[in-house]
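Here's the structure, in structure tokens; my notes come after.
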Amino acid sequence: MFPPSQGLRLDIDAISQICGSVSIACWIVVFSPQIIENWRRSSADGLSVVFIVIWLLGDFFNIFGAVLQGVLPTMIILAVYYTLADIVLLLQCFWYKGFTLSDEVNKPGNGTTENGGATERSPLIPDTRQQTNGNHAHVGHTNGNGNGYHTPPRISDIDRRQSTHSQSSFRERFLSIDGTHLSPVTPLLDDSEQNNQHTQTRRARPQSTLQTVLFNLGTVVLVCASGVFGWWLSASRSPPPPEDQPSTPLTFNLWGQIFGYICAALYLGSRVPQLLLNYRRKSTEGISMLFFLFACIGNLTYVLSIFAYKPICRDPGHCAPGEASGIYGRYIAVNFSWLLGSFGTLVLDACVFVQYFMYRKDEDSDDEEEAER
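Numbering of the sequence shown is given in this note's numbering, commencing with residue 16 and proceeding in unit increments.
Here it is, written out as structure tokens:
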């Protein structure tokens, strides 16, 4: 049964360990949703390459600072894991976008960039039906003097134009067929049937959105529960520490602190390119919300695990006046760079969620307007 009753106490140390275990569980799976999302869409347009590069640099400084400062071994292991996962995500971006550090703004729903250039999603053969029809509409007959006098066309000219128009219409229809219709199992539908299918797809969106919310919620609960279970399994099989054991004195490492603050600055700066890319695209399409949701929960529980600290005085159980607060303040000062990086990115990740709901509302409004047409 839970909570366990085999000598385990739910004190301040246990709360810190539970939060730390949940944070580790979230950070282990944080990159998986975004990697799967990129693979499913065969695109990484929604993800900022600069965001991943700066985050990767922050992970490198995180490793150096954690080793020099002598933090917990789990923090060092996680820092190495973050670095490897960032490398995988960066290679995936280079695979889909090409080796570039610039973030092209591809509007969702079309295959052109912000300056009108073609991308890998642009059609190989442009649709020239409107241009051709417009040219036919403005064809006129003038006499040799060019004074605008219309002469009746000859029968041979009419036959020639009809033949040319029929050949051109057939060629345009043939070239307008995309590659999906070359499959024998894919029916060739006219525009009216395609519009009906798009309308039905838009009407079915609320159901898929509900399924997505339930799936994300279930995934988060499962990951958090696994973190709590990991703490319970570890605490039930390890002996409790002696209460009269004096605490290890906290010391500052100059280079560890320098690398820690550089890491915090890089973590904070990494979110800015992603926020700007979302703003320029007016969309968060291509971003897995589980990616940022696990990052938020991981940062929040990590901050709580640091704050949930019980200072141990030199004489355990008998602290001098102000000794406990002094030890706690020094402990916070040693870990302040990691607190700053985690809490700051938590706030910026919340801004990504604000963008998600704001642009999602606009996209739903556009879909409703298209459905009414």
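Note that CB positions come from ideal geometry on N, CA and C, so glycine has one too. All values derive from a computational prediction rather than experimental measurement.
Measuring C-alpha to C-alpha distances from I43 to each of Y371, G242, S249 identifies G242 as the nearest. For the pair F309 and N77, the CB atoms are not nearer than the 9 Å cut-off. Around the Cβ of V228, a 10 Å sphere holds fewer than 16 other Cβ atoms; the residue is exposed. In the three-state reduction of the DSSP assignment, D60 falls in the coil class, being assigned neither a helical nor a strand state. In the three-state reduction of the DSSP assignment, S298 falls in the coil class. Following the DSSP letters along the chain, one finds F307 inside the alpha helix (DSSP H) bounded by residues 304-322.
Taking the CA atoms as reference points, S249 sits about 17 Å from I27. Here V349 is buried, its C-beta having at least 16 other C-beta atoms within 10 Å. Contact check for S285 against I102 fails: the beta carbons are separated by 9 Å or more. Under the three-state reduction of DSSP, N350 is assigned to coil, being neither helix nor strand.
Straight across, the Cα-Cα distance linking D118 with V367 is about 17 Å. By the neighbour-count criterion, in which 16 or more other beta carbons inside 10 Å mark a residue as buried, P48 falls on the buried side. In the DSSP annotation of this structure, the continuous segment of the alpha helix (DSSP H) that includes I30 starts and ends at 27-44.
Pairing S38 with S320 gives a Cβ-Cβ distance under 9 Å.
In the three-state scheme derived from DSSP, where H, G and I count as helix and E and B as strand, R329 is classed as coil. In this structure, S63 sits near L291, with a CB-CB distance shorter than 9 Å.
Under the three-pair Cβ rule at 8 Å, the segment 79-86 does not count as touching the segment 312-319. The straight-line gap separating the alpha-carbon atoms of R296 and N121 is approximately 7 Å. Taking every protein chain shown into account, the CB of A100 has 16 or more other CB atoms within 10 angstroms, so this residue is buried. Taken atom to atom, the span from the alpha-carbon of Y346 to that of F322 is near 9 Å. Taking the Cα positions, Y276 is about 5 Å away from S352. Going by beta carbons, W246 and I91 fall outside the 9 Å limit.
Ranked by Cα distance from V235, the first of G271, F306, L269, I327 is F306. Between the beta-carbon of T115 and that of L71 there is about 16 Å, and that puts the pair past the 8 Å contact cut.
When the five nearest sequence neighbours on each side are left out, the beta carbons in the same chain lying within less than 6 Å of the beta carbon of D364 are those of F307, A310, C311, in order along the chain. With respect to the C-alpha of G73, the residue from T360, Y374, R375, K376 having the closest C-alpha is T360.
With a cutoff of 9 Å on beta-carbon distance, Y324 and Y343 are scored as near each other.
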